[in-house]
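2 protein chains.
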Amino acid sequence: MGRNLKVKAARAALDMTQKDLAEAVGVSRQTINAIEKGDYNPTIKLCTAICRVLDKTLNELFWEDDENV
Amino acid sequence: MGRNLKVKAARAALDMTQKDLAEAVGVSRQTINAIEKGDYNPTIKLCTAICRVLDKTLNELFWEDDENV
DNA sequence: ATTAAATGTCAAGTATATTTTACACAAAAT
DNA sequence: ATTTTGTGTAAAATATACTTGACATTTAAT
Numbered sequence: 007m008g009r010n011l012k013v014k015a016a017r018a019a020l021d022m023t024q025k026d027l028a029e030a031v032g033v034s035r036q037t038i039n040a041i042e043k044g045d046y047n048p049t050i051k052l053c054t055a056i057c058r059v060l061d062k063t064l065n066e067l068f069w070e071d072d073e074n075v
Numbered sequence: 007m008g009r010n011l012k013v014k015a016a017r018a019a020l021d022m023t024q025k026d027l028a029e030a031v032g033v034s035r036q037t038i039n040a041i042e043k044g045d046y047n048p049t050i051k052l053c054t055a056i057c058r059v060l061d062k063t064l065n066e067l068f069w070e071d072d073e074n075v
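Chains as they are written, first to last, in my numbering: chain A, 7 to 75; chain B, 7 to 75.
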């Protein structure tokens, strides 16, 4: 898994810090950092919460057309 | 969380059993059953794997426009 | 040059996703 | 009638998402 630049970009577009996003979705700042860093696997509930805050959809932030295969 | 009828329908459209889908994505049948039953919260990796097998996207199977708010 | 804010990372703990084994029930097949 | 296949569900164990607290580094501000 590579870094999730889409989340980072969407967050930046709203001028939110990792801490801001973390508080908005109710997780720790480290969790947001880990998601953007990309080396892990959040739950769909958290992904959906992030999407709602950042005004994006799951496909926009968490779908990759070319994952492998 | 309500039941996920979208996964159930997409699976039925391909004439796959819960067991078939479970094996295709590499989890237990109970996990698929629990997802369709809806009372829980899979990881995005598993959701993505299910989407790939069922030839759907995250938005199609796991996004709900009207969750709450 | 210093301070503060934002980010990256780590280790130990807690919460929960997922497995395994097992059993009950419904529907379809024989 | 009875066997088989698909589904719903539960309890105990394991894997892993997520937290907490802490520290280092970067970036922007003063």
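Don't be surprised by glycine CBs; every beta carbon is placed ideally from N, CA and C.
This structure is a prediction, so every number in the text was calculated from the model and none was measured.
ask   = With contact counted as at least three CB pairs below 8 Å, one residue from each stretch, are the segment 7-17 of chain B and the segment 20-39 of chain A in contact?
value = no
ask   = Comparing the C-beta of A:ASN47 with each C-beta of chain B, is any distance below 8 Å?
value = Along the first sequence, read from residue 1 onward, the residue named residue 47 of chain A stands at position 41. It does; some Cβ of chain B falls within 8 Å.
task = Thinking A:ILE50 and A:VAL13 are a contact (beta carbons under 8 Å), I'd like their distance in whole angstroms, please.
result = Along the first sequence, read from residue 1 onward, the residue named residue 50 of chain A stands at position 44. Along the first sequence, read from residue 1 onward, the residue named residue 13 of chain A stands at position 7. Wrong, their Cβ atoms sit about 14 Å apart, outside the cutoff.
task = Please determine, among B:ASN65, B:GLU29 and B:ALA18, the residue with the shortest C-alpha to C-alpha distance to B:THR54.
result = Along the second sequence, one-based indexing puts residue 54 of chain B at 48. Among B:ASN65, B:GLU29 and B:ALA18, the Cα nearest to that of B:THR54 is on B:ASN65.
message = Any beta carbon from chain A within less than 8 Å of B:ILE50's own beta carbon?
response = Here residue 50 of chain B refers to the residue found at position 44 when the second sequence is read from its first residue. Judged by the 8 Å Cβ criterion, B:ILE50 is in contact with chain A.
query = Do B:LEU52 and B:ARG17 have their C-beta atoms closer together than 8 Å?
reply = Counting from 1 along the second sequence, the entry for residue 52 of chain B is found at position 46. Counting from 1 along the second sequence, the entry for residue 17 of chain B is found at position 11. No. Outside cutoff.
message = Going by DSSP in three states, A:THR126 sits in which element: helix, strand or coil?
response = Since the first residue of chain A shown is 7 and the last is 75, residue 126 of chain A is not available in this structure.
ask   = Terminal residues of the continuous alpha helix (DSSP H) containing B:VAL59?
value = Residue numbering aside, residue 59 of chain B sits at position 53 when the second sequence is read from its first letter. B:VAL59 -> alpha helix (DSSP H) spans 50-60.
ask   = From B:TYR46 to B:PHE68, what does the alpha carbon distance come to, in whole angstroms?
value = Residue mapping note: residue 46 of chain B aligns to position 40 of the second sequence, counting from 1. Residue mapping note: residue 68 of chain B aligns to position 62 of the second sequence, counting from 1. Those two C-alpha atoms are separated by around 12 Å.
query = Buried or exposed: where does A:ALA15 fall if 16 or more other Cβ atoms within 10 Å of its Cβ makes it buried?
reply = Translated into positions along the first sequence, residue 15 of chain A becomes position 9. With fewer than 16 other Cβ atoms within 10 Å, it is exposed.
task = Anything in chain B within Cβ reach of A:LEU11, meaning under 7 Å, just list it in chain order.
result = Position 5 of the first sequence, counting from 1, holds the residue named residue 11 of chain A. Against chain B, a Cβ distance below 7 Å from A:LEU11 picks out nothing, because the smallest value is about 16 Å.
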